[in-house]
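Residues in the sequence shown are numbered from 166 upward in steps of one, following our numbering.
Have a look at the structure below before the remarks.
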Amino acid sequence: MNKIYLNIYNNLIKLTRNKNLYNNNHQDTFYDRMIIFFFHLSFLLKTFKNIESKDDLQKFFDFCIKQLELSIREIGYGDATINKKMKDYINILFSIIDKLDKWELINDIEKKKILSKYINEDKDPEKYLIYFEKYSNFLAKNTFKNLSKDILSL
166 MNKIYLNIYN
176 NLIKLTRNKN
186 LYNNNHQDTF
196 YDRMIIFFFH
206 LSFLLKTFKN
216 IESKDDLQKF
226 FDFCIKQLEL
236 SIREIGYGDA
246 TINKKMKDYI
256 NILFSIIDKL
266 DKWELINDIE
276 KKKILSKYIN
286 EDKDPEKYLI
296 YFEKYSNFLA
306 KNTFKNLSKD
316 ILSL
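Okay, here's the thing in C-alpha cells:
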C-alpha cells in the first residue's frame, strides 16, 4: 500500500506544481505550493472519506504529513523550527479540511471567500474555484487506488 500512497502523493504534487495555478502571482513560494497541496489533499480526503476505509485514509494522511515534514527539513530548518512550523501547517490543513466539509452546499461567493482566505489576495479566486470544482469532479469519477496512476492533467 505504501507504493500506492507514494504514487497518489506524487500525483497530488504534480497537480500542485501546475504553473497555471501561479500565473497571477509574482512569487511562487513553498508556502503557496503547500496551500494548493492542502486543497488538493483536503478535496481528496473529503471525496473518499465515506468510500475508503478510515484506516487507509489515515495511513495516507500520515504519509502526506511525513512527506511535508521531510520537505521542510530539506529547506534547512532545524528541529525546533520544524516542530513549530509543522504545528502551524497542520492547523492550516485542518482548517481547510473543515471549510471544505460542506463545499457542495455553499454558494460560489462563499467558496471564493474560502479560497481567498488561504490563497494570496492578488490571485483570482474565480480561477481557483473553477479549477477545484473540476478537480472535485475528477476525484468523484475515480477510485482512490486509480489515483495512483499517472495524472497528466485535469
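Even glycine gets a Cβ: it sits at the ideal position worked out from N, Cα and C.
Pair within 7 Å by beta-carbon distance, residue i and residue j
i	j	result
ASN172	SER313	yes
LEU206	CYS229	yes
SER212	LEU304	A small fix is needed here, since residue 212 is Thr in this sequence, not Ser. A contact, by the Cβ cut-off of 7 Å.
Alpha carbon of residue i to alpha carbon of residue j, nearest angstrom
i	j	result
ASP244	MET199	19 Å
LYS323	PRO290	Because the chain in this structure spans residues 166 to 319, residue 323 falls outside the shown range and cannot be described.
ILE255	ASP315	27 Å
LEU280	ASN183	17 Å
ASP146	GLU269	Any question about residue 146 goes unanswered here, given that the chain covers just 166 to 319.
LYS219	ASP263	17 Å
PHE259	ASP227	13 Å
ASN285	ASN311	32 Å
7 Å CB neighbourhood of residue i in its chain, flanking five on each side removed
i	result
PHE204	ILE261 and PHE297
GLU217	PHE309
ASP193	TYR187
GLU234	ILE247 and MET251
PHE208	LEU265, PHE297, TYR300, SER301 and LEU304
ILE322	Residue numbering for the chain in the displayed model covers 166 to 319; residue 322 lies beyond these limits and cannot be assessed.
ASN307	none
Sequence-distant residues of the same chain with beta carbon closer than 8 Å to residue i, five excluded per side
i	result
ASP273	LEU294
GLN232	TYR174
TYR242	LYS250
ILE240	PHE195
ARG238	ILE247
Residue of the options minimising C-alpha distance to residue i
i	options	result
ASP197	LYS299, LYS306, ASN311 and TYR283	TYR283
PHE225	ILE178, LEU265, ILE169 and ASN215	ILE169
ASN167	ASN285, GLU269, GLN223 and LYS276	GLN223
ILE178	SER236, ILE271, LYS214 and ILE257	SER236
Closer than 7 Å to chain C by CB, residue i
i	result
LYS224	Within the model displayed, chain C is absent; a lone protein chain is all it includes.
Contact set for residue i: own chain, Cβ-Cβ below 6 Å, skip 5 residues either direction
i	result
LYS276	LEU294
Residue i CB to nearest heavy atom of the ligand ADP below 6 Å
i	result
PHE303	Ligands displayed in this structure: none; no statement on the ligand ADP is therefore possible.
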